[in-house]
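K.L.:
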Amino acid sequence: MNAAINLRRIGLPRLIVHFSVLVICILWLIPTIGILVTSLRDPGQIASSGWWTAFSGAAETSAARLGDPSTARQDGPNYVISGSVFDSEDAGAKGSVRAFGTKVAAPTEFAAGEAADIGDGETLTVNEDGGYVYSKNAPFDDKRGKRVYLSVAQPASFTLDNYRTVLTSQGIGQAFVNSLTVAIPATIIPILISAFAAYALSWMHFPGRAIIIAVVVGLIVVPLQMSLIPLLKMYNEIGAFFGIASRSYVGIWLAHAAFGMPLAIYLLRNYIAGLPKEVIESARVDGASDFEIFVRIVLPLSFPALASFSIFQFLWTWNDLLVAMVFLGTGKDQLVLTGALNALLGSMGGKWEILTASAFITIIVPIIVFFALQRYLVRGLLAGSVKGG
Amino acid sequence: MASQIVSAFGAVIAGVFGCALYYWLSDKLLQLVLPVRSGDVQRISANLKTHAAIRPWLFLGPALLLMIVYLVYPVIATFILSFYDRSGGNFVGLANYKWAATDGQFRQSIFNNILWLAVVPAACTFFGLVIAVLTDRIWWGNIAKSLIFMPMAISFVGASVIWKFIYEYRGADGTQIGLLNAIVQYCGGDPQVWIAMPIWNNFFLMVILIWIQTGFAMVILSAALRGIPEETIEAAVIDGANGWQIFWKIMVPQIWGTIAVVWTTITILVLKVFDIVLTMTNGQWNTMVLANLMFDWMFRGGGDSGRSAVIALIIMAAVTPIMIWNIRQASEDRGGH
Numbered sequence: 000m001n002a003a004i005n006l007r008r009i010g011l012p013r014l015i016v017h018f019s020v021l022v023i024c025i026l027w028l029i030p031t032i033g034i035l036v037t038s039l040r041d042p043g044q045i046a047s048s049g050w051w052t053a054f055s056g057a058a059e060t061s062a063a064r065l066g067d068p069s070t071a072r073q074d075g076p077n078y079v080i081s082g083s084v085f086d087s088e089d090a091g092a093k094g095s096v097r098a099f100g101t102k103v104a105a106p107t108e109f110a111a112g113e114a115a116d117i118g119d120g121e122t123l124t125v126n127e128d129g130g131y132v133y134s135k136n137a138p139f140d141d142k143r144g145k146r147v148y149l150s151v152a153q154p155a156s157f158t159l160d161n162y163r164t165v166l167t168s169q170g171i172g173q174a175f176v177n178s179l180t181v182a183i184p185a186t187i188i189p190i191l192i193s194a195f196a197a198y199a200l201s202w203m204h205f206p207g208r209a210i211i212i213a214v215v216v217g218l219i220v221v222p223l224q225m226s227l228i229p230l231l232k233m234y235n236e237i238g239a240f241f242g243i244a245s246r247s248y249v250g251i252w253l254a255h256a257a258f259g260m261p262l263a264i265y266l267l268r269n270y271i272a273g274l275p276k277e278v279i280e281s282a283r284v285d286g287a288s289d290f291e292i293f294v295r296i297v298l299p300l301s302f303p304a305l306a307s308f309s310i311f312q313f314l315w316t317w318n319d320l321l322v323a324m325v326f327l328g329t330g331k332d333q334l335v336l337t338g339a340l341n342a343l344l345g346s347m348g349g350k351w352e353i354l355t356a357s358a359f360i361t362i363i364v365p366i367i368v369f370f371a372l373q374r375y376l377v378r379g380l381l382a383g384s385v386k387g388g
Numbered sequence: 000m001a002s003q004i005v006s007a008f009g010a011v012i013a014g015v016f017g018c019a020l021y022y023w024l025s026d027k028l029l030q031l032v033l034p035v036r037s038g039d040v041q042r043i044s045a046n047l048k049t050h051a052a053i054r055p056w057l058f059l060g061p062a063l064l065l066m067i068v069y070l071v072y073p074v075i076a077t078f079i080l081s082f083y084d085r086s087g088g089n090f091v092g093l094a095n096y097k098w099a100a101t102d103g104q105f106r107q108s109i110f111n112n113i114l115w116l117a118v119v120p121a122a123c124t125f126f127g128l129v130i131a132v133l134t135d136r137i138w139w140g141n142i143a144k145s146l147i148f149m150p151m152a153i154s155f156v157g158a159s160v161i162w163k164f165i166y167e168y169r170g171a172d173g174t175q176i177g178l179l180n181a182i183v184q185y186c187g188g189d190p191q192v193w194i195a196m197p198i199w200n201n202f203f204l205m206v207i208l209i210w211i212q213t214g215f216a217m218v219i220l221s222a223a224l225r226g227i228p229e230e231t232i233e234a235a236v237i238d239g240a241n242g243w244q245i246f247w248k249i250m251v252p253q254i255w256g257t258i259a260v261v262w263t264t265i266t267i268l269v270l271k272v273f274d275i276v277l278t279m280t281n282g283q284w285n286t287m288v289l290a291n292l293m294f295d296w297m298f299r300g301g302g303d304s305g306r307s308a309v310i311a312l313i314i315m316a317a318v319t320p321i322m323i324w325n326i327r328q329a330s331e332d333r334g335g336h
């Protein structure tokens, strides 16, 4: 804290510091806000305008056909067709016209209300409300009504339809349940196993303890890639031998539990070894066995460390893609959120209403966990910043 | 769907209960076979000794079993498989290593991995340090830290979707809905297909990991900065050092160890980077990295476990120095009683 006060004496005026931190925060948040806003927009608007214009409304390009030349009336030397662009049969979305043009490549050639000279002695005016006056200094000789292109301003429109779509018809709802099915047991099962091991490694004496601790520390950084091939072979053989599916939830629970085990033991051992010696010694003197000491004293006291590890493990299993791709199938009943999102990126590329809504559903659970339990996460990071994913 | 939730919770309960039951039962069994509550003193003392010798292994058993099956054995098996052919049945000597030495895609991956290693840890540590220093000086620093830390919770796949949307490209004449191209267009430039520009696309992918990991570096470095004894800074102030000098000559040297930890942690993460490349480009446009190439060979044409194992071993070899350093550090300050 005092160091923080001292830091104030350093360099730059405070205002610049406030400003730079604000800029950094905005930079860091914009990507996430982008998909949140997009996931709530109307699909048509997503495709036609950037998400940052969402609140000011979007401009949509549409086409319309003016009235048939037979409806022209003579007005002095000119022939005039008038009406509303929104009355034509194939008119696009209604709204207020911002601009119009006569070529598909240039729908914003003329501003609304402007009397545009479009050649051949023709002039065209399209007003904001869609009303138009199309006149020519000679009789119209076209067979059909003229085609015009419009840039129509749409009022900002937000909807939850995208979420409804992905949850029901894109399988994200099912994938969400699958992710929970993977993450919850894979988080809880290793806790007890690693806690017992951590206790043994900190308060019990036996030959080989130092070596086991060294091996555990070494295993923390072993890349997952080293395990995949033999385990895939092993799972396939077990599956073939017992005539069961080689890719199952039990398989991935055990895999996640094992991959998280070294870090769990390391984190918990650091904590449990730091518990006051007197407490444990006096319990021993009272005749409590190690089992009793662990269950009655160590486990309750270790809650903060257990919480830190659980958050790590939950975030890691929920966000994992690689382990799920190898140990779980790609069927509907086994595809987890990250896998489903990856598949959608392939099949729905460019359909941002689907992708952003799915992505947001994928990231919302870890973000809630993050903000609710940030304290424990930071503590865990400070205690064991060696694993790195 | 409902049955699946039930089975998941069933697994949680069965798993926790099964574990608890194992520890409880094994303890009871020990008491039963070698009683310590009654009998003559000599017998009790002998039994107590046997308890003390057996119990650690009962406690460690399940954890050791899991780690041996899922980590120790596979590491050895992968090493052996690297000398066998694609099916793992025939010994081929160093053929897989020779293949790796001459394969263009493998070289590309090594090159890209080195690029990632050169940029990402440095960038994360640098930004993390700068942000830690800045946020320590303002009253809303903790809120700012939370927001910058937040991407840590987002999956790599989710982050890839987020950034793919930023890099989105819509023809040169169309309305750009990707933020980056919109900015480029606004500034008068031509929109680009960012993730398909060789060499540079690597950097666009790295931005994603930097975005995620800077918060991690910031949190750790911020804690280290707060641990600096204030006397050292006060002394420097009295000696007339300016802010820049205090930062570089007083503060940075004192947190050097923490910087090394942050750097190596991110280095390990970078070596294993997989999800981002898979979802953004799947290795196209010269963005392949080792982890993706390894995964690719695991399944390509029915899978080639030999080549795949060689690639995994390269990643392992890169991690090994850090591993040895960690083990040394850990055995130096080995607490316990």
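The listed protein sequences correspond, in order, to chains A and B.
Each residue of the first sequence is one higher than the one before, counting from 0 in numbering that gives the first Met the number 0.
Each residue of the second sequence is one higher than the one before, counting from 0 in numbering that gives the first Met the number 0.
Built from N, CA and C at the ideal position, the CB exists for glycine as well.
(1) Spatial neighbours of LYS271/B within its chain, please: CB distance less than 6 angstroms, with the 5 preceding and 5 following residues excluded, ordered by chain position.
(2) Which word fits ASN241/B, buried or exposed, when buried means at least 16 other C-beta atoms lie within 10 angstroms of its C-beta?
(3) Any beta-carbon of chain B closer than 7 angstroms to the one on ILE183/A?
(4) Following the continuous beta strand (DSSP E) through ASN112/B, name the residue where it begins and the one where it ends.
(5) Given a cut-off of 7 angstroms, decide if SER38/A and THR174/B are closer than it, judged by their beta-carbon atoms.
(6) Going straight from the alpha carbon of SER95/A to that of GLU127/A, what length do you get?
(7) Excluding the 5 residues preceding and the 5 following ASN95/B in the sequence, name in chain order all residues of the same chain whose CB lies nearer than 6 angstroms to its CB.
(8) Between LEU268/B and GLY170/A, what straight-line distance do the alpha-carbon atoms span, to the nearest angstrom?
(9) Which one or two residues does DSSP pair with LEU204/B in a beta bridge?
(10) Could you compute how far the alpha carbon of ILE113/B sits from the alpha carbon of VAL214/A?
(11) By Cβ distance, which residues of its chain are closer than 8 angstroms to ILE251/A, with the 5 residues on each side in sequence left out?
(12) Name the chain A residues that come within less than 8 angstroms of LEU116/B, Cβ to Cβ?
(13) What residue range is occupied by the uninterrupted beta strand (DSSP E) comprising GLU167/B?
(14) Looking at chain A, which residues of the stretch 45-57 of chain B have a Cβ within less than 8 angstroms of any of its Cβ atoms?
(15) Helix, strand or coil for GLN30/B? Go by DSSP, reduced to three states.
(16) Compare the C-beta of ILE314/B with all C-beta atoms of chain A and state if any pair is closer than 7 angstroms.
(17) By DSSP, does GLY387/A sit in helix, in strand, or in coil?
(18) For ALA10/B, is the classification buried or exposed, using 16 other Cβ atoms within 10 angstroms of its Cβ as the cut-off for buried?
(19) Provide the residue span of the beta strand (DSSP E) that contains SER156/A, from first to last.
(20) Assign ASP67/A to one of three DSSP states: helix, strand, or coil.
(21) Keeping to the same chain, check which residues put their C-beta closer than 8 angstroms to that of ARG374/A; ignore five residues upstream and five downstream.
(22) What separation, rounded to the nearest whole angstrom, lies between the Cα atoms of ALA287/A and ARG54/B?
(23) Here's a check: name, in chain order, each residue in its chain whose Cβ is nearer than 8 angstroms to the Cβ of MET0/A, leaving out the five neighbours to either side.
(24) Would you tell me roughly how many angstroms separate the C-alpha atoms of ALA342/A and VAL288/B, rounded to the nearest one?
(25) Straight-line CA distance for TRP296/B to ILE109/B?
(26) Drop a sphere of 10 angstroms on the beta-carbon of GLY388/A, count the other beta-carbons inside from all chains shown, and report buried for 16 or more, exposed for fewer.
(27) Provide the residue span of the beta strand (DSSP E) that contains TYR131/A, from first to last.
(28) Quick check: is the beta carbon of ASN161/A nearer than 7 angstroms to any beta carbon in chain B?
(29) Under 7 angstroms between beta-carbons, which chain B residues line up against MET225/A? List them in chain order, please.
(30) Over what stretch of residues does the alpha helix (DSSP H) that includes ILE264/A continue unbroken?
(31) Identify which residue in MET322/B, GLY14/B, GLU233/B, PHE215/B has its Cα closest to the Cα of ILE258/B.
(32) Taking 7 angstroms as the threshold (beta carbon to beta carbon), is LEU35/A in contact with chain B?
(33) For ILE117/A, tell me which candidate among MET260/A, PHE313/A, THR101/A, ILE363/A has the shortest Cα-Cα distance.
(34) Does the stretch 226-240 of chain A come close enough to the stretch 153-166 of chain A to have 3 or more Cβ pairs within less than 8 angstroms?
(35) Whose C-beta lies closer than 7 angstroms to the C-beta of GLN104/B among residues of the same chain, with five residues either side of it excluded?
(36) Tell me the rounded alpha-carbon separation between VAL192/B and ALA122/B.
P.N.:
To lay it out plainly:
(1) ALA290
(2) exposed
(3) yes
(4) Taken as a continuous stretch (DSSP letters only), ASN112/B belongs to no beta strand (DSSP E), being part of the alpha helix (DSSP H) at 103-134.
(5) no
(6) 5 angstroms
(7) SER81, GLY305, ARG306, VAL309
(8) 31 angstroms
(9) Answer by DSSP bridge pairing: none, since LEU204/B is not bridged.
(10) 28 angstroms
(11) VAL181, ALA185, VAL322, ALA323, PHE326, LEU327
(12) Within chain A, no residue comes near LEU116/B; the closest Cβ sits about 13 angstroms away, beyond 8 angstroms.
(13) Neither: GLU167/B is in no beta strand (DSSP E) and is coded neither H nor E.
(14) HIS50, ALA51, ALA52, ARG54, PRO55, TRP56
(15) helix
(16) yes
(17) For GLY387/A, the predicted structure reports a pLDDT of 36, less than 50, and the residue's modelled location is therefore unreliable. A value from the coordinates is still provided. Three-state DSSP puts GLY387/A in coil, outside helix and strand.
(18) buried
(19) It is not in any beta strand (DSSP E) - SER156/A carries neither H nor E in the DSSP assignment.
(20) coil
(21) none
(22) 14 angstroms
(23) Low per-residue confidence applies at MET0/A: pLDDT is 47, beneath 50, and the placement is therefore not dependable enough to give any value.
(24) 20 angstroms
(25) 15 angstroms
(26) Confidence at GLY388/A is low in this model, with a pLDDT of 33, below 50, so its placement is unreliable and the value that follows should be read with caution. By the neighbour-count rule (16 or more Cβ atoms within 10 Å), GLY388/A is buried.
(27) 130-135
(28) no
(29) PRO73, VAL74, THR77, ALA311, MET315
(30) 248-272
(31) PHE215/B
(32) no
(33) THR101/A
(34) no
(35) MET287, LEU292
(36) 24 angstroms
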